[in-house]
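Only one structure is covered here, and it is reproduced in the block below.
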Amino acid sequence: MSHPDNNSPQSPAPDSWHRRTLEHKSALFAVLTTVAISVGGLVEIVPLFTVSAGPQAIAEVTPYTPLEQAGRDIYSREGCVQCHSQMVRPFRAETLRYGEWSRAGEYTFDRPFLLGSRRIGPDLHRLGGKYPDVWHYEHMKDPRSTSPGSIMPAYPWLLEDRIDTADVQASMTALSTFGHYTQAEIDAAPAALAKQGEEIVGRLRQSKVENIEADHEIVALIAYLQRLGTDGKKAIKDQVAQTERAQGEAVAAGSAQ
Amino acid sequence: MTADSPAAAAPRYDDEIVKKFLLATFIWGVVGMLVGAILALQLAWWPANLGLPWTTFGRLRPLHTNAVIFAFTANGLFTGIYYSMQRLLKTRMFNDTLSNIHFWGWQAIIVSAAITLPLGMSQTHEYAELIWPIDLAIAVVWVLFAVNFFGTIAVRKVKHLYVAIWFYMSMVITITVLHVVNNLAMPATLTRSYPVFSGMTDALVQWWYGHNAVGFLLTTPMLGLMYYFLPKAAERPVYSYRLSIIHFWALVFLYIWAGPHHLLYSGLPDWAQTLGMIFSVVLIAPSWGGMLNGLLTLRGAWDRLRSDAVLKFFVVGITFYGMSTFEGPMMSIRAVNALSHYTDWTIGHVHSGALGWVGMSLFAVGYYLVPRLWKRPLHNEGWATAHFWLATIGIVLYVVAMWVSGITQGLMWRAIDDVGQLQYPNFVDTVIKLVPFYWIRLGGGLMYLSGLVLMLVNIGLTIAGSRPDQAINPSPAPAK
Numbered sequence: 461m462s463h464p465d466n467n468s469p470q471s472p473a474p475d476s477w478h479r480r481t482l483e484h485k486s487a488l489f490a491v492l493t494t495v496a497i498s499v500g501g502l503v504e505i506v507p508l509f510t511v512s513a514g515p516q517a518i519a520e521v522t523p524y525t526p527l528e529q530a531g532r533d534i535y536s537r538e539g540c541v542q543c544h545s546q547m548v549r550p551f552r553a554e555t556l557r558y559g560e561w562s563r564a565g566e567y568t569f570d571r572p573f574l575l576g577s578r579r580i581g582p583d584l585h586r587l588g589g590k591y592p593d594v595w596h597y598e599h600m601k602d603p604r605s606t607s608p609g610s611i612m613p614a615y616p617w618l619l620e621d622r623i624d625t626a627d628v629q630a631s632m633t634a635l636s637t638f639g640h641y642t643q644a645e646i647d648a649a650p651a652a653l654a655k656q657g658e659e660i661v662g663r664l665r666q667s668k669v670e671n672i673e674a675d676h677e678i679v680a681l682i683a684y685l686q687r688l689g690t691d692g693k694k695a696i697k698d699q700v701a702q703t704e705r706a707q708g709e710a711v712a713a714g715s716a717q
Numbered sequence: 006m007t008a009d010s011p012a013a014a015a016p017r018y019d020d021e022i023v024k025k026f027l028l029a030t031f032i033w034g035v036v037g038m039l040v041g042a043i044l045a046l047q048l049a050w051w052p053a054n055l056g057l058p059w060t061t062f063g064r065l066r067p068l069h070t071n072a073v074i075f076a077f078t079a080n081g082l083f084t085g086i087y088y089s090m091q092r093l094l095k096t097r098m099f100n101d102t103l104s105n106i107h108f109w110g111w112q113a114i115i116v117s118a119a120i121t122l123p124l125g126m127s128q129t130h131e132y133a134e135l136i137w138p139i140d141l142a143i144a145v146v147w148v149l150f151a152v153n154f155f156g157t158i159a160v161r162k163v164k165h166l167y168v169a170i171w172f173y174m175s176m177v178i179t180i181t182v183l184h185v186v187n188n189l190a191m192p193a194t195l196t197r198s199y200p201v202f203s204g205m206t207d208a209l210v211q212w213w214y215g216h217n218a219v220g221f222l223l224t225t226p227m228l229g230l231m232y233y234f235l236p237k238a239a240e241r242p243v244y245s246y247r248l249s250i251i252h253f254w255a256l257v258f259l260y261i262w263a264g265p266h267h268l269l270y271s272g273l274p275d276w277a278q279t280l281g282m283i284f285s286v287v288l289i290a291p292s293w294g295g296m297l298n299g300l301l302t303l304r305g306a307w308d309r310l311r312s313d314a315v316l317k318f319f320v321v322g323i324t325f326y327g328m329s330t331f332e333g334p335m336m337s338i339r340a341v342n343a344l345s346h347y348t349d350w351t352i353g354h355v356h357s358g359a360l361g362w363v364g365m366s367l368f369a370v371g372y373y374l375v376p377r378l379w380k381r382p383l384h385n386e387g388w389a390t391a392h393f394w395l396a397t398i399g400i401v402l403y404v405v406a407m408w409v410s411g412i413t414q415g416l417m418w419r420a421i422d423d424v425g426q427l428q429y430p431n432f433v434d435t436v437i438k439l440v441p442f443y444w445i446r447l448g449g450g451l452m453y454l455s456g457l458v459l460m461l462v463n464i465g466l467t468i469a470g471s472r473p474d475q476a477i478n479p480s481p482a483p484a485k
């Protein structure tokens, strides 16, 4: 009887083809293993870098503003992606619940992607514009005040902690490697942060929220959440309108003949 | 035939490194699963988030997944690999210093992960959350391990490589490739970076990584351990050498294609989604080849399941491997995925693989090794059997709870009423329904965890030499 230590699994005889050609030659075995594990990845991933097989770009989809990017970094830090997806699937039940299904080109400036894999809470890809800013403020402060029965934790520290302009600029500098921002935009970031932040603070004040300033983390997060999926939604609407116009013209041309 | 006997001619193996990895495995196992239990409690009862930034679900979940994958499982793999490859190749590890750098470096990486993840430092890629300086450390330590691994193969005293070594090798090579490519990023600060790939391309690269981290960390090297430790424990040769060749090459070739099944119905091009689905379904064949080769190795030894804890754990582990490698391909079929995706069904699937296959197999390896490494009988065989039943019943409770909760929520999301509107338009309604199952899941998880704690105590008392009959039984042969 043979045991693993004696290096002889039962059968066939130790001079099999596989043993002579591969098991005796560890370097060749390693090379062939490397080839075997490389093929699938190469076939599936490499074509995505071509124009025809890769994600189709959408002209209306533009990079996040400095404040939105700061909000996105907070979203990443808090692990929102652990419970919330950002990918509406093309099913009737999903488009009824969330809105337009998600297109590949909408994620062009998503570094990292935040599609998520589990909906412990609802999908957020079409969240932008769905609720007023104050809803998000109240929701992050106490999720059950806006969504009774919710199991989401509260995030009160977002109402106290502040974003750091230099830190946002460091992020923008890294992302400029991939063409998200120009140097001029990085230099203008402090003004852009203040301007967009004040707009949100102004809307919060109208809703009787007085203690929030433009550099509070909650403001950046609201900016990001309100941006989610809006570029794509607009692009899809424009495209549908264009198609309908073209169809209308074709019908008109047909009846004129 | 008694390869473990300290015959004068046998080379002196480095078993100290094996002991270290073994203790690290089960200590980190308790930590990782304890965090899992806290997360389960948070879902059942939200105040358990404690209102602190570093204890919220979003920050702790990566700590749980990283701990069970890279602390519990990886240390367990290293335990089995360092023990078996020295014996299979009849040589000591290539370099003891490299072995120790590997051990301490890996533990330092785990500690740094346990600090940074609760602080919210995350790349957000699932199972690749660790920030770029830690990623660099992982790359360095992994390459040193690879040098030690291939060095040991180079100085081997036997001519051919046993099947277990093939599977270990596929891990060493593939994890290197996956880790490097998926973590290519531009640093912004010391703790934050942005990936080279964006959007759907980033998603595909991540799931090529994520799925194959499952494939080449939780599957192929575990099969390698099975090919060494199961025949040893059963005292039977592997059922079929020919089957091991076929299923090895088929598994390593096919596995890598299956990543896109994580992105069905996404913006990923249809041809890539379809490739992912087809290769996932085809994966049943080599997976079950491995399962059958394991189970059939026990032919003629089934009666020993009654008395041998090692075999008990192995048989349930391999059975769960067969079950989850059937379930996975089913969930990769678009029509099934439409229901299962985004739900707890996925969580249940993962845990039948992680608790069932990986956990039970590592427990088998642990109970096999402890008496042999410390050269004394296990402190209490009955506790090992109790551990087996706690773990088995715990998994069943966990997985069934997640099946029910996943399918319930999936059906509620898609339910449409007579006039074509959503039957449950308020998302929270589909969450409240799951809370009872979250309590059952917590119960199952706690059973599994308490079994592991019992094992750790058993190991500790064995090492302390507290078994009374040990003095009159100084034989290095393990109790059976």
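Which chain is which? The protein sequence lines are A and B, in order.
461 is the number of the first residue of the first sequence in the numbering used here; add one for each residue after it.
6 is the number of the first residue of the second sequence in the numbering used here; add one for each residue after it.
Just so it is clear, CB atoms sit at the ideal spot from N, CA and C, and this is done for glycine as well.
Name the DSSP bridge partner or partners of residue 190/B?
200/B
Closer than 8 Å, CB to CB, is residue 332/B near chain A or not?
no
Using Cβ-Cβ distances below 9 Å, what residues of the stretch 669–702 of chain A are close to chain B?
none
So if I threshold CB-CB distances at 9 Å, which residues from the stretch 589–614 of chain A count as touching chain B?
603, 604, 607, 608, 609, 610, 611, 612, 613, 614
DSSP-derived helix/strand/coil call for residue 427/B:
strand
Under the three-state DSSP convention, the category residue 549/A falls into
coil
Write down the C-beta distance between residue 400/B and residue 357/B rounded to the nearest angstrom, noting that I regard them as a contact closer than 8 Å.
7 Å
Starting from residue 394/B, trace the alpha helix (DSSP H) both ways and give me its first and last residue.
386–419
Residue ranges of each alpha helix (DSSP H) run of no fewer than 4 residues wholly in the stretch 503–576 of chain A, ordered along the chain?
526–537, 552–558
Along the stretch 65–96 of chain B, what residues have a CB closer than 7 Å to any CB found in chain A?
66, 67, 92, 93
Presumed contact (8 Å Cβ cut-off) between residue 166/B and residue 489/A, rounded CB distance:
7 Å
Going by DSSP in three states, residue 23/B sits in which element: helix, strand or coil?
helix
Counting Cβ pairs closer than 8 Å, one from the stretch 390–410 of chain B and one from the stretch 538–555 of chain A, do we hit at least three?
no
Does DSSP put residue 247/B in a helix, a strand or coil?
helix
Using CA coordinates, which residue listed in 681/A, 529/A, 572/A is at the minimum distance from residue 130/B?
572/A
Grab me the residues of residue 558/A's own chain with a C-beta within less than 8 Å of its C-beta, minus the 5 sequence neighbours each way, in chain order.
548, 582, 583, 585, 586
Please confirm whether residue 306/B has its beta-carbon closer than 8 Å to some beta-carbon of chain A.
no
Residues in the same chain with beta-carbon distance under 6 Å from residue 13/B, minus the five sequence neighbours each way, listed in chain order, please.
Residue confidence is low: residue 13/B scores 46 on pLDDT, short of 50, so the model does not pin down where it sits. Its coordinate-derived value is still stated next. Cβ within range, chain order: n/a, list empty.
Between the stretch 447–461 of chain B and the stretch 410–430 of chain B, are three or more C-beta pairs nearer than 8 Å?
no
Should residue 369/B go down as buried or exposed, given a rule of 16 or more other Cβ atoms within 10 Å for buried?
buried
Mind pulling the chain B residues with CB within less than 8 Å of residue 643/A?
Ordered by position in chain B, no residue passes the 8 Å Cβ test against residue 643/A, which lies about 15 Å from the chain.
Going by the DSSP bridge assignment, what does residue 604/A pair with across the sheet?
DSSP lists no partner for residue 604/A.
Quick check: what's the CA-CA separation for residue 417/A versus residue 87/B?
Past the boundaries of the shown model lies residue 417/A; chain A is included only from 461 to 717, so the question cannot be answered.
If you run the structure through DSSP and keep just helix, strand and coil, what is residue 472/A?
Caution applies to residue 472/A, whose pLDDT of 49 falls short of 50 and renders its modelled position unreliable; the value that the coordinates give is listed next. If DSSP states are grouped into helix, strand and coil, residue 472/A belongs with coil.
Report the three-state DSSP secondary structure of residue 676/A (helix, strand or coil).
strand
Is it buried or exposed, residue 301/B, if we count other Cβ atoms within 10 angstroms and call 16 or more buried?
exposed
Per DSSP, residue 622/A is paired with what?
676/A
So residue 260/B packs on residue 303/B, CB below 8 Å; how close in whole Å?
Not quite, the Cβ-Cβ distance comes to about 25 Å (not below 8 Å), so this is no contact.
Threshold first: 4 residues or longer. Then list the alpha helix (DSSP H) segments lying entirely within the stretch 230–302 of chain B, N to C.
246–260, 275–287, 289–301
In terms of residue numbering, what span does the alpha helix (DSSP H) encompassing residue 154/B cover?
137–159
So is residue 20/B in contact with chain A if we call contact Cβ pairs under 8 Å?
no
Report buried or exposed for residue 4/B, applying the criterion of at least 16 other Cβ atoms within 10 angstroms of its Cβ.
Given a span of 6 to 485 for chain B in the structure shown, any question on residue 4/B remains unanswerable.
Anything in the stretch 148–177 of chain B with a Cβ closer than 9 Å to a Cβ of chain A? List those residues in chain order, please.
155, 158, 159, 161, 163, 164, 165, 166, 167, 168, 169, 170, 171, 174, 175, 177
Out of 713/A, 675/A, 710/A, 565/A, which one is the CA nearest neighbour of residue 526/A?
675/A
Express the C-alpha separation of residue 513/A and residue 290/B in angstroms, rounding to a whole number.
30 Å
Segment contact, 8 Å Cβ cut-off, at least three pairs: the stretch 218–227 of chain B with the stretch 179–191 of chain B:
yes
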